[in-house]
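Notes follow once the structure below has been shown.
There are 2 protein chains.
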Amino acid sequence: MKYVTIKDIAKELNVAVSTVSRAFNDKYDIKPETRERILKKASEMGYRPNPIARKLVQQRSYNIGIIIPEFENSFFPQVIMGAQEILYQHNYQVLIMQSNESIDLEIRNAKTLVDNMVDGLIISLSGVGNNLPYYEELTEKKMPLVFFNRVPENIEASKVVFDDYKWAFFATEHLIHQGFKDILFISGADDLILSKNRRRGYDDAHKKHRIPTGKKINCGFSMKDGVQIAENLISQNNIPKAVLAANDACAIGMIRVFKDSGFKIPEDIAIVGFSETKMAAHISPTLTSVEQPTYEMGKAAAQLLLEQLQNKGIHIPQTIVLNGRLNVRESSVVLS
Amino acid sequence: MKYVTIKDIAKELNVAVSTVSRAFNDKYDIKPETRERILKKASEMGYRPNPIARKLVQQRSYNIGIIIPEFENSFFPQVIMGAQEILYQHNYQVLIMQSNESIDLEIRNAKTLVDNMVDGLIISLSGVGNNLPYYEELTEKKMPLVFFNRVPENIEASKVVFDDYKWAFFATEHLIHQGFKDILFISGADDLILSKNRRRGYDDAHKKHRIPTGKKINCGFSMKDGVQIAENLISQNNIPKAVLAANDACAIGMIRVFKDSGFKIPEDIAIVGFSETKMAAHISPTLTSVEQPTYEMGKAAAQLLLEQLQNKGIHIPQTIVLNGRLNVRESSVVLS
DNA sequence: TTGTAAGCGTTATCAT
DNA sequence: ATGATAACGCTTACAA
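For the record, the sequence lines run as chains A and B. Per this note's numbering, the first sequence starts with residue 1, numbered consecutively. Per this note's numbering, the second sequence starts with residue 1001, numbered consecutively.
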């Protein structure tokens, strides 16, 4: 690929490169007339400013990096779309990287983006481990940073989260109201705040209704995880009356296994999902699920990042907690 | 952010910057001893090579850009994962951009990536329009380029596609075998080869069985599209006996509307989806769908790109056609 | 208003 | 085996 440069234009027009540069950056003095002449010639020659060169000299990129753990569920793509909408409006380009639920790959991704001088980073953790010290380092170096959904506990940074406590509480209470007692709790890795909050919600709902809590399992957020848990439960012949699943994918995986093994849902086992996917309303039985405002989450994260980008230096970390909704459907309601 | 540079190390160690550079690029002569010394110091100082500077001088980035039309369906994320797997092995970083089904945004994305000196591009079209001349230009400039899934018709470039003709044919024939006559055909925009091929398959299956073809509709690939089409059909009181939908999302959207309006599936209307999603087996009724090898598609695209990257200059465009499978489920089979 | 020139962090070509 | 130095394409003082 041959690129047309600022020099080519300068030569062609017998002006200095700095003049050409000025033509493209209105902040400098330049005679409107020459400016027009340059812009015209430039577009004739098919010139495009080289962002690489600009990054090098300006030490910034107008790029924002977004790192997500997985692509399997529609959750993260939706968040990305929300963030993109805001960032595009402010002339930032968005670079997306996915960590495949690996902490190591996540660090690699983050470093790649930092090396490429992104102006800021929006991150959802693949897990908690030796990635955190690196993020500490970034915040110390004043790299604008926003975590969302799967956020770290002890890092002073802006965060956008869902009110997991509240909705795990409500979802659990809903199951209790339906008369279910032995409720299995499933969530992601135990070191994610998200999991801790849900667990508290689950516990507190039991406490409120003076019911002993059921079994608790930590797993991933994929359908595979749901399948495996259900298979284990069946092979151990240890079937709970209801399940609060880590997310819809997990719930759907479980439903399939249970149905295949002849269990009736919700009669034999009731199931509630989390982070509602579009499929919740379409599977059989339709799935009760906690709906999260994914798009809004992306927008909020982008907003928080923009704030940091604007007031360089002074920045008070904020945490935005988003609200949700419990969509009650067939999988958790026994008609009597 | 303050970055440690090669200069800092050079100063610290009283060597030339070129020596430090050499230490990081084994291809040059350097005494193993000094090399060790430099590497050690560098890691102590937390040095990381600046890829921006390297891009500028080498005019390449070791980055590959992937552009996809949408994030809503799991199809593209899966393709990306396949491509990433291959590209990571060859030390390429993958930059993902999504065009939100907009041709303009797609061009913008492509230009951004080109400006950032990606070494190659993997693209699925959001549509056919004034993006094509730009891609022509890129191929003329020898930019390594691979199209997949939604590919342009008249551009000399490597492509990875699904055998849409064959599987649309089989899917249609399957419906015919089940005794359905009035089969509605739905696919994406008519200028996509993909749509043309499916349409030919659909037509030829009818021809083979000497049955007149049904109505044909072009739309998008989202659930919304399915919903709208179904609503239109109902309001026009023009209900086909069977549907070959654009994809699973579309099919699922239709199913919901039809079910809500009291139609029985497949008794009143049979439905077949395309590009199977994980949900096909979980919705009610379970959805018959043409399964495409998404992951393989990503891998194949990455392979084709790597070939171009390796034999710079000479490059014969290839088209890889991938095979699929028809997963027959409840939505298209009337038990008699 | 415009030109000159230094510099961003590398690599790569010359010397030495 | 190492050092000096000119690029890469741009921005931005500073000078004119």
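Just so it is clear, CB atoms sit at the ideal spot from N, CA and C, and this is done for glycine as well. It should be emphasised that the depicted structure is a prediction, and the values quoted were computed from it without experimental measurement.
Inset, instruction - Identify which residue in Thr1277(B), Asp1104(B) and Gly1298(B) has its Cα closest to the Cα of Thr1288(B). - result: Thr1277(B)
Legend entry - Contacts of Leu1095(B) in chain A (Cβ-Cβ under 7 Å): Leu95
Inset, instruction - Check whether the Cβ of Glu1072(B) lies closer than 8 Å to any Cβ atom in chain A. - result: yes
Legend entry - Where Ala1168(B) falls, given that 16 or more other Cβ within 10 Å makes a residue buried: buried
Legend entry - At least 3 beta-carbon pairs within less than 8 Å: the region 1109-1116 of chain B vs the region 1182-1197 of chain B: no
Legend entry - Backbone secondary structure at Gln178(A) - three-state DSSP: coil
Legend entry - Helix, strand or coil at Lys1216(B) [DSSP, three-state]: strand
Inset, instruction - Label Pro144(A) either buried or exposed according to how many other C-beta atoms from any shown protein chain fall within 10 Å of its C-beta, with 16 as the threshold for buried. - result: buried
Inset, instruction - Run down chain B in chain order and give the residues with a C-beta less than 7 Å from the C-beta of Arg150(A). - result: Going along chain B, no residue has its Cβ under 7 Å from Arg150(A), so there is no contact; the nearest lies around 18 Å.
Inset, instruction - Locate the alpha helix (DSSP H) running through Val257(A), then write down its first and last residues. - result: Asp248 to Asp260
Legend entry - Neighbour-count burial assignment, Ala280(A), 16 or more Cβ in a 10 Å radius: buried
Legend entry - chain B contacts from the region 107-120 of chain A (Cβ-Cβ distance under 8 Å): Lys111, Thr112, Val114, Asp115, Asn116 and Met117
Inset, instruction - With a threshold of 16 other CB atoms inside 10 Å of the CB of Arg1199(B), please say whether the residue is buried or exposed. - result: buried
Legend entry - Limits of the beta strand (DSSP E) - the one that Val160(A) falls within: Ser158 to Phe162
Inset, instruction - Have a look at Thr172(A), Leu322(A) and Gly262(A) and flag the residue whose alpha-carbon is nearest the alpha-carbon of Val328(A). - result: Thr172(A)
Legend entry - CB contact flag (Val1146(B), Leu1305(B), <8 Å): yes
Legend entry - Nonlocal neighbours in the same chain, by C-beta distance under 8 Å from Ile1239(B), ignoring five residues either side: Leu1233, Phe1263, Asp1268 and Ile1269
Inset, instruction - Can you give me the start and stop residues for the alpha helix (DSSP H) that Gln89(A) sits inside? - result: Phe75 to Gln89
Legend entry - Among Cys1219(B), Tyr1202(B), Gly1220(B) and Asn1218(B), nearest to Pro1212(B) - alpha-carbon criterion: Tyr1202(B)
Inset, instruction - Anything in chain A within Cβ reach of Lys1196(B), meaning under 9 Å, just list it in chain order. - result: Those do not exist, as Lys1196(B) stays about 28 Å from chain A at its closest Cβ, beyond 9 Å.
Inset, instruction - Please confirm if Asn130(A) has its CB atom under 8 Å from at least one CB of chain B. - result: no
Inset, instruction - Classify Leu1322(B) as helix, strand or coil using the three-state DSSP reduction. - result: strand
Inset, instruction - Name, in chain order, the residues that DSSP records as bridge partners for Gly298(A). - result: Looking at the DSSP assignment, Gly298(A) forms no beta bridge with any residue, so it has no partner.
Inset, instruction - Sort Phe71(A), Asp119(A) and Lys31(A) by Cα distance to Ile64(A) and report the nearest one. - result: Asp119(A)
Inset, instruction - Would you check if the distance between the CB atom of Phe162(A) and the CB atom of Gln292(A) is smaller than 8 Å? - result: yes
Inset, instruction - Would you kindly report the start and end of the unbroken beta strand (DSSP E) that includes Leu192(A)? - result: Premise fails: Leu192(A) is in no beta strand (DSSP E) and is neither H nor E.
Legend entry - Delimiting residues of the beta strand (DSSP E) encompassing Asn1063(B): Asn1063 to Ile1068
Inset, instruction - Figure out for me which residue from Gln84(A), Ser99(A), Glu101(A) and Pro69(A) has the closest Cα to the Cα of Gln93(A). - result: Gln84(A)
Inset, instruction - Taking only the alpha-carbon atoms, compute the straight-line gap between Gly1253(B) and Ile52(A) and give it to the nearest angstrom. - result: 44 Å
Legend entry - Cβ-Cβ distance between Asn1197(B) and Asp1164(B) below 8 Å: yes
Inset, instruction - Report back the beta-carbon spacing between Arg150(A) and Leu132(A) to the nearest angstrom; my notes put them in contact at under 8 Å. - result: The Cβ separation is near 12 Å, so there is no contact.
Inset, instruction - Return yes when the C-beta of Arg1022(B) is under 7 Å from any heavy atom of the ligand SAM, and no when it is not. - result: Inclusion of the ligand SAM in the displayed structure is not the case, the ligand content being empty and no account of it being possible.
Legend entry - Same chain, Cβ closer than 7 Å to Tyr1134(B), five either side skipped, listed in chain order: Ile1107 and Ala1110
Legend entry - Interface flag, Met1045(B) vs chain A, CB-CB below 8 Å: no
Inset, instruction - Compare the C-beta of Glu30(A) against all C-beta atoms of chain B and say whether one is closer than 8 Å. - result: As written in the sequence, residue 30(A) is Ile, which differs from the Glu given in the question. False, the Cβ-Cβ gap to chain B never drops below 8 Å.
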